[in-house]
Amino acid sequence: MPEIALQLDIAAPRAVVLAALTTHDGLAAWWTTGVDRDGDVLLFDFPDVPEPFRLRVEQADRDRVVWTNAGSFPPHWAGTWISWELADQPGAPDQPATADRPGVSDQPERTRLLFRHGGWQPGSEEGVPAVAGTWAELLVRLKDYAQSGKVQPYFVTAHRHDAP
Numbered sequence: 026m027p028e029i030a031l032q033l034d035i036a037a038p039r040a041v042v043l044a045a046l047t048t049h050d051g052l053a054a055w056w057t058t059g060v061d062r063d064g065d066v067l068l069f070d071f072p073d074v075p076e077p078f079r080l081r082v083e084q085a086d087r088d089r090v091v092w093t094n095a096g097s098f099p100p101h102w103a104g105t106w107i108s109w110e111l112a113d114q115p116g117a118p119d120q121p122a123t124a125d126r127p128g129v130s131d132q133p134e135r136t137r138l139l140f141r142h143g144g145w146q147p148g149s150e151e152g153v154p155a156v157a158g159t160w161a162e163l164l165v166r167l168k169d170y171a172q173s174g175k176v177q178p179y180f181v182t183a184h185r186h187d188a189p
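Under the working numbering, the first residue of the sequence shown is numbered 26, with each subsequent residue one higher.
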């Protein structure tokens, strides 16, 4: 079964990256402005899409965020899961302490993010390369947002779906 896996090093503290993955404002800042929630299910709306993607939050803590597909749309996402593993970036260069700030580094906190999207069902494999390309573009926006705070969602929609 295919799996999409992408890794980034982000010059931002883990808490900032986690907020970008777990809060309405964070998700709307880099992914889509059409973000809603129905209990533990996130609803993601996109332009020209008939219904929202429904992703159930299975885990959301300091080290890992996991979503499972909870809807019938899009059909090729049936049975898939998405995970975001967060860790302090190993080997980040340390700046020497200064006389006025002993033991304090000027280097910002850094986070290593491992993204995975797996669980693709037989027959859906042909769509994986296109999905991987979109995720790569989205992760660049996530990184930019976490590092700069600049809001630039990949998808902008005025459409919001009400939870049933």
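A virtual CB, placed ideally from N, CA and C, is assigned to each residue, including glycine. These numbers come from a predicted model, not from an experiment.
Rounded to whole angstroms, what is the Cα-Cα separation between residue i and residue j?
i, j, result
"GLY64", "ALA30", "28 angstroms"
"ALA95", "ARG79", "5 angstroms"
"LEU138", "PRO75", "31 angstroms"
"ALA37", "PRO100", "35 angstroms"
"GLY152", "GLY174", "32 angstroms"
"VAL42", "ASP70", "22 angstroms"
"ASP61", "ALA54", "13 angstroms"
"ALA112", "ARG166", "19 angstroms"
"PHE98", "PRO77", "7 angstroms"
"ALA52", "ARG135", "Looking at the sequence provided, one finds Leu at residue 52 rather than Ala. So the two alpha carbons sit approximately 20 angstroms from each other."
"PRO72", "PHE180", "7 angstroms"
"ASP187", "ARG81", "Since pLDDT at ASP187 reaches only 49, below the 50 mark, its modelled position is unreliable, and the value read off the structure follows with that caveat. So the alpha carbons of these two residues sit roughly 16 angstroms apart."
"GLN172", "THR47", "16 angstroms"
"LEU163", "TRP56", "6 angstroms"
"LEU68", "PRO178", "16 angstroms"
"GLN114", "GLY59", "31 angstroms"
"TYR224", "VAL66", "The question about residue 224 has no answer, for the chain in this structure spans 26 to 189."
"GLU28", "ALA40", "26 angstroms"
"MET26", "ARG89", "22 angstroms"
In terms of alpha-carbon separation, which member of the options lies closest to residue i?
i, options, result
"GLU83", "ALA54, VAL176, ILE107", "ILE107"
"THR93", "TRP56, PRO77, GLY144, GLU151", "GLY144"
"PHE140", "ASP73, VAL156, PRO178, GLN177", "VAL156"
"HIS21", "LEU68, VAL91, ALA183", "Since the first residue shown for the chain is 26 and the last is 189, residue 21 is missing from the structure and cannot be characterised."
"GLU150", "LEU163, TRP102, ALA161", "TRP102"
"GLU110", "GLN32, GLY59, ALA171", "GLN32"
If you count every other CB in all the chains shown that lies within 10 Å of the CB of residue i, and 16 or more means buried, which is it?
i, result
"ASP34", "exposed"
"HIS49", "exposed"
"LYS168", "buried"
"ALA45", "buried"
"ASP104", "Inspection of the sequence shows that residue 104 is occupied by Gly rather than by Asp. Burial call: exposed."
"PRO147", "exposed"
"GLY158", "exposed"
"ALA183", "exposed"
"PRO121", "Bear in mind that the predicted position of PRO121 carries a pLDDT of just 45, short of 50, making it unreliable; the figure below should be weighed with that in mind. Answer is exposed; the Cβ neighbour count stays below 16."
"ARG87", "exposed"
"ALA161", "exposed"
Could you pull the DSSP bridge partners for residue i from this structure?
i, result
"GLY21", "The shown model of the chain, from 26 to 189, leaves out residue 21, and the question about it has no answer."
"GLN32", "LEU139"
"TRP160", "In the DSSP output, where bridge partners are listed per residue, TRP160 has none listed."
Does the beta carbon of residue i come closer than 8 angstroms to any beta carbon on chain C?
i, result
"ASP169", "In the displayed structure, chain C is absent; only one protein chain is listed."
- Could you give the uninterrupted runs of the beta strand (DSSP E) lying entirely in the stretch 34-66, keeping only those of 3 residues or more? Contiguous beta strand (DSSP E) elements confined to the stretch 34-66 occur at 59-63, taking only those with 3 or more residues.
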